[in-house]
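Residue numbers (our numbering): -4 to 664.
To start, the structure under review is shown below, and the notes come after it.
Next up, the structure:
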């Protein structure tokens, strides 16, 4: 007999009762310690993953709700971290082999295995999955450490280099290329190329530094000036030492370079370097910028903007945004005149370009403002359709340029008019889309989805989801950036493709919301944003006394008498009302997933699965309105209900007229 020392939790997703019975018999015959859970459909099986937390899943590929290879694909998308053994039909080994290639741990061909092979396959799959998980964790940790090191070096403006001592050709880290203002790998560096950027007054000393480092084999260090873009003077510290590189079987000069300008005294303005080539232009002396111009300690700028960054940003914003706004206004006036079709096309192009410029400008100002001061929010009414049109007009152009497509989904429950900060909200959605479009692979689709959680008489939340497919989106880097409270202070993000994510994260936090990246599959990602919003104050709606259309209600209540009384009260209200009942949260979740209800009445205190837990599960797959029924009225509990997506909150004992009104408010648009 095959023995198991530990109790293994096994979930069998199989619609054949006879096959399930056979599996149970084989496990019993093997004396295999286990707890068995079963499901006859993939949807229910995925739900049970959360309830029973199995160690392994036995998955039939032909189920009630999905068949074929798609069964495994959908399972892997929803549960990538659960080991699975595929069960195939008789003599269908090819499907089993394909399943293993697609991520299954192993496969079993029905009708060909006994209790020994079954247990052996389960144990092997668990061991294989554990080994893979450890290796993946090590790989993830290594990747994370490498990324942290890379970011640290970027923040420190530090790079490594090596030089062939025979021909003086060099290899630079990517960070050194960026430091000099070039794309990484855009040319082959050499010592002579490097010397072109050395300040003319430091040139001889630097040449001697390299000669001594190559001749005596000792570690050497030098601080000198370089000239970038023929105008910026930076101080750098260079380290070098001769070393034998085994992989190349030759002596190399290895070293590093770091920008130490913030720790060095400002020099006199540099003179032009005499060399030509990719380095600075020898005909024009570098022009010192504000950062590098020499000032005495008692020097005072005549401009108050130099003393106060807030004033600088304010002036900058005014001097750019004002004329742009004027141009846009004139464009709209021009649109009201008689125009030919070709002229209308030109106008549309100009408008899109101006809006694109406005968004880019707002991003820069937002980034600068977020670093220097607290952002004030200005709330007003927003027409959702108009806001989305502005964002989509620009994003669609960007998507077309990258060869991708852009789609929009807007929930019918989202009010036409909401209250928020128009500029910040528009900028937030723009950046979420900008990030997605930047990373979307060609011929794929970027999808923007807007929904709402809550009701008009409670706190509303705008739900924004930006979904995209990418083969180079660094999910771990995105997570780190979201978790890093000081990322906004890291100036290296300005050159990063993740800049829109950083800005979106900061705007979301300022507006009291939450943003998180989600990895759906290895190439499918989602940016999820939850944001508090309001709606304009309006006169109470005139509601009918009874439903005007059939109304199907799910009542989730564990107390027998209260369940009976509430159901009868609702069915007596109108003959158009039908009520299904569930005696606990788990049963309520199952019924909600199998049936379409107009509204759910959810008791909060129940056995097996309470109302809060049940609502969280339901909200993961449905936006059906939910009214909480509770005997414990408190502000904390009400806020808790609102935070998980409960639409309304009713205190027991329930008054009929009050409950009827709450129900109608939720189900009537």
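Beta carbons: idealized from backbone N, C-alpha and C, even for Gly.
No experiment lies behind these values; they were computed from the predicted model shown.
Which residues share a DSSP beta bridge with residue i?
| i | result |
| --- | --- |
| residue 645 | 624 |
| residue 457 | 447 and 526 |
| residue 376 | 414 |
| residue 546 | 572 |
| residue 557 | Residue 557 is not bridged to any residue. |
| residue 442 | 402 and 462 |
| residue 101 | 80 |
| residue 235 | 215 and 250 |
| residue 185 | 164 |
| residue 223 | 227 |
| residue 193 | 221 |
| residue 62 | 57 |
Which residue wins for smallest C-alpha separation from residue i, given the options the options?
| i | options | result |
| --- | --- | --- |
| residue 524 | 469, 539, 461 and 549 | 461 |
| residue 13 | 494, 474, 29 and 33 | 33 |
| residue 416 | 529, 449, 410 and 409 | 529 |
| residue 497 | 475, 513, 517 and 518 | 475 |
| residue 82 | 76, 74, 75 and 112 | 112 |
| residue 46 | 596, 581 and 624 | 581 |
| residue 567 | 659, 655, 134 and 132 | 655 |
| residue 412 | 382, 428 and 88 | 382 |
| residue 103 | 18, 504 and 573 | 18 |
| residue 24 | 562, 110, 157 and 464 | 110 |
| residue 601 | 548, 393, 625 and 449 | 625 |
| residue 153 | 162, 163 and 170 | 170 |
| residue 230 | 196, 477, 660 and 426 | 196 |
| residue 696 | 255, 504 and 90 | The requested residue 696 is not part of the displayed model; the chain covers only -4 to 664. |
| residue 157 | 21, 235 and 187 | 235 |
| residue 375 | 473, 225, 407 and 531 | 531 |
| residue 548 | 84, 619 and 232 | 619 |
| residue 40 | 27, 29 and 55 | 55 |
| residue 380 | 88, 405 and 574 | 405 |
| residue 572 | 578, 593 and 560 | 593 |
| residue 73 | 519, 663 and 493 | 519 |
Where do the ends of the beta strand (DSSP E) carrying residue i lie?
| i | result |
| --- | --- |
| residue 577 | 572 to 577 |
| residue 408 | Premise fails: residue 408 is in no beta strand (DSSP E) and is neither H nor E. |
| residue 154 | 153 to 159 |
| residue 653 | Residue 653 -> not in any beta strand (DSSP E); alpha helix (DSSP H) instead, spanning 651 to 662. |
| residue 250 | 245 to 254 |
| residue 509 | 509 to 514 |
| residue 34 | 29 to 34 |
| residue 597 | 594 to 598 |
| residue 6 | 3 to 8 |
Checking 7 Å against the spacing of the C-beta atoms, do residue i and residue j come in under that value?
| i | j | result |
| --- | --- | --- |
| residue 248 | residue 160 | yes |
| residue 165 | residue 185 | yes |
| residue 403 | residue 443 | yes |
| residue 8 | residue 31 | no |
| residue 36 | residue 59 | yes |
| residue 576 | residue 550 | yes |
| residue 124 | residue 100 | yes |
| residue 526 | residue 506 | yes |
| residue 470 | residue 514 | yes |
| residue 522 | residue 427 | yes |
| residue 409 | residue 447 | yes |
| residue 245 | residue 232 | no |
| residue 544 | residue 583 | no |
| residue 578 | residue 553 | yes |
| residue 454 | residue 660 | no |
Output the boundary residues of the alpha helix (DSSP H) element that contains residue i.
| i | result |
| --- | --- |
| residue 12 | 12 to 24 |
| residue 610 | 606 to 614 |
| residue 673 | With the chain represented from -4 up to 664, any question about residue 673 goes unanswered, as that position is not in the structure. |
| residue 52 | Counting along the chain, residue 52 falls outside any alpha helix (DSSP H), though it belongs to the beta strand (DSSP E) covering 51 to 55. |
| residue 471 | 470 to 478 |
| residue 499 | 494 to 505 |
| residue 586 | 580 to 589 |
| residue 170 | 169 to 174 |
Of all Cβ atoms in chain D, is any one closer than 7 Å to the Cβ of residue i?
| i | result |
| --- | --- |
| residue 222 | Of the chains in the structure shown, none is chain D; there is only one protein chain. |
Check whether the segment 166 to 183 and the segment 203 to 212 touch, using three or more Cβ-Cβ pairs below 8 Å as the test. Three or more Cβ pairs closer than 8 Å define a contact, and the segment 166 to 183 falls short of that threshold against the segment 203 to 212.
So, do the segment 42 to 55 and the segment 117 to 125 have three or more beta carbon pairs nearer to each other than 8 Å? Between the segment 42 to 55 and the segment 117 to 125, the count of C-beta pairs closer than 8 Å reaches three or more; the two stretches touch.
When the Cβ atoms of the segment 215 to 231 are set against those of the segment 105 to 118, are three or more pairs found closer than 8 Å? No, the segment 215 to 231 is not in contact with the segment 105 to 118.
Closer than 8 Å is the cut-off here; do at least three beta carbon pairs connect the segment 429 to 445 with the segment 392 to 410? Three or more beta-carbon pairs separated by less than 8 Å link the segment 429 to 445 to the segment 392 to 410, which places the two stretches in contact.
Quick test of the definition: if touching needs 3 or more C-beta pairs under 8 Å, does the segment 610 to 617 touch the segment 572 to 588? The segment 610 to 617 vs the segment 572 to 588: in contact.
Does the pairing of the segment 632 to 639 with the segment 650 to 663 give three or more beta-carbon distances under 8 Å? In short, these stretches do not touch, since the Cβ pair count stays below three.
Can we say the segment 182 to 199 touches the segment 216 to 232, given the rule of at least three CB pairs closer than 8 Å? Contact between the segment 182 to 199 and the segment 216 to 232 is present, because at least three Cβ pairs lie under 8 Å.
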